[in-house]
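Going left to right, the sequence shown walks through residues 1 to 317 as full-length UniProt numbering numbers them.
All C-beta atoms in this analysis are idealised placements derived from N, C-alpha and C, irrespective of residue type, glycine included.
The structure displayed is predicted, hence computed values, not measured ones.
Single-structure report; data block below.
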Amino acid sequence: MARDGRVTWVVGGGGLLGRQLVGCAATAGRTVHVSKVPWQDPPHAVSALARDAERLLGGYGRVDLLWAAGAGVVATGQDALDREVAVLDAFVDELLAAGDRHPGTILRVFLASSAGGVYSGSTDPPFTEATPPLAVSPYGTAKLAAEAAVRRLTGSGATVLVGRIANLYGPGQNLGKPQGIITQLCRAEVQRSPLLIYVSLDTARDYVYVRDAARMVLAGVDRLAEVRPGTVVVKILASQTAVTLATIVGELSRITKRRAPIVLGTSASTPFQTRDLRFRSTVWPEVDELATTTLASGIGATFADVSASLRRPGAAR
């Protein structure tokens, strides 16, 4: 490996955002490394990441680390969230140590955080990067803890981009997990099985297409070259166009020409669901221009992907 080369290091490359980051980076001609991490075994997960850190920081002059890992959602239990944060925190320790051993390597880091999670208790939407974050759920609190962990990397001169991402959607979501309202609506439509929805239909959310989000992340990491070493940049990654759940349901019905099979209900996570989550980014507005996919187009692509996936032999049901 060329010591003065550049590598894009993706952690969480098997997830919805991670796969798009890998694909977009490869399409752009970048050298990409995707970590293989045994997440079910936290100590071994940290060890695997530490080995990658040593190899990459020792082999390249610039490392762009894109952390897109994390399986938690609003309904995830506290223990699982604590384990995720603990792995990240321990990995940061290993990364700092590797950085000390390779002081000539430039490290730029992206963390995928959650705009909905960290601003869930904030007031006066639309929320911007200047809005004080206030989490009301364990999930949001865990995201703020992850942000704090990654900020420690600035002590070694790394530059950090904290991407507070709106609701991601698009092709490729894991159908075996109950996450992503647009994906779940598409699945319910394909299977013609009622979907229990735990929030009001007038709940406003911002939905950003996953490929757009990946392109925004890569553009943002490139912009880190313009800031001083040891700087943290917080940016909201969103479409900046909030729509209600009723609009989502109506758009899916327009595509399928059938009424979406939904049932309204409540759950333990309902109190954590904020009614109005609108976002407006004031940081690096040129990056926002990459959010070009319309809601109609994005839902159509998601529905086509879910439909094809469920018709494949052995698909998650």
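Paired residues, beta bridge with residue i - DSSP
i           : result
D206        : A242
W67         : V11 and L111
N174        : Bridge partners of N174: none, in fact.
F127        : F279
R164        : S113 and I236
residue 322 : For the chain, the structure presents residues 1 to 317; residue 322 sits outside this window and is missing.
L264        : I197
T159        : R108
R259        : R259 is not bridged to any residue.
R62         : R6 and I106
Top-ranked residue by Cα proximity to residue i, from the options
i    : options                   : result
Q191 : Q20, L65 and A308         : A308
A296 : T241, P261 and R278       : T241
P43  : P313, A80, Y139 and A90   : A90
D202 : D276, K36, A53 and R101   : D276
T31  : G61, G14, Q40 and G15     : G61
T274 : D79, V37 and L245         : L245
A75  : S35, T231 and P178        : P178
G250 : T231, P103, I299 and L264 : I299
D288 : P261, D100, R211 and A301 : R211
D305 : R187, D4, I262 and A260   : R187
G70  : L195, R258 and G13        : G13
G265 : H102, D100, L195 and G116 : L195
E226 : D52, D124 and R108        : R108
P285 : R258, T128, E189 and A86  : T128
E147 : H102, V92, P103 and E189  : V92
Whole-Å CB distance - residue i paired with residue j, under 8 Å assumed
i    : j    : result
E94  : L49  : 7 Å
S193 : I236 : The pair is not a contact, with the Cβ atoms about 34 Å apart (cut-off 8 Å).
L17  : A213 : 6 Å
S137 : S120 : 6 Å
Beta-carbon proximity check, residue i vs residue j, cutoff 8 Å
i           : j    : result
V199        : V233 : no
I181        : I248 : yes
A135        : V118 : yes
F110        : G157 : no
I278        : P132 : It should be pointed out that residue 278 corresponds to Arg in this sequence rather than to Ile. Taking 8 Å as the Cβ cut-off, R278 and P132 do not qualify as a contacting pair.
R215        : L290 : yes
S114        : G77  : no
E54         : A25  : no
L57         : T105 : yes
L81         : L175 : no
L21         : V150 : no
G72         : A142 : yes
residue 342 : I165 : Outside the shown range of the chain (1 to 317) lies residue 342, about which nothing can therefore be said.
T183        : T293 : no
A45         : V34  : no
L185        : A260 : yes
CB contact check: residue i to chain C, cutoff 8 Å
i   : result
D41 : The displayed structure is made up of one protein chain only, and chain C is not part of it.
Segment contact flag, the region 214 to 225 with the region 250 to 260, C-beta cutoff 8 Å, min 3 pairs: no
Does the count of Cβ pairs from the region 50 to 69 and the region 4 to 13 closer than 8 Å reach three? yes
Using 8 Å as the Cβ pair cut-off and three pairs as the minimum, do the region 205 to 218 and the region 166 to 182 touch? yes
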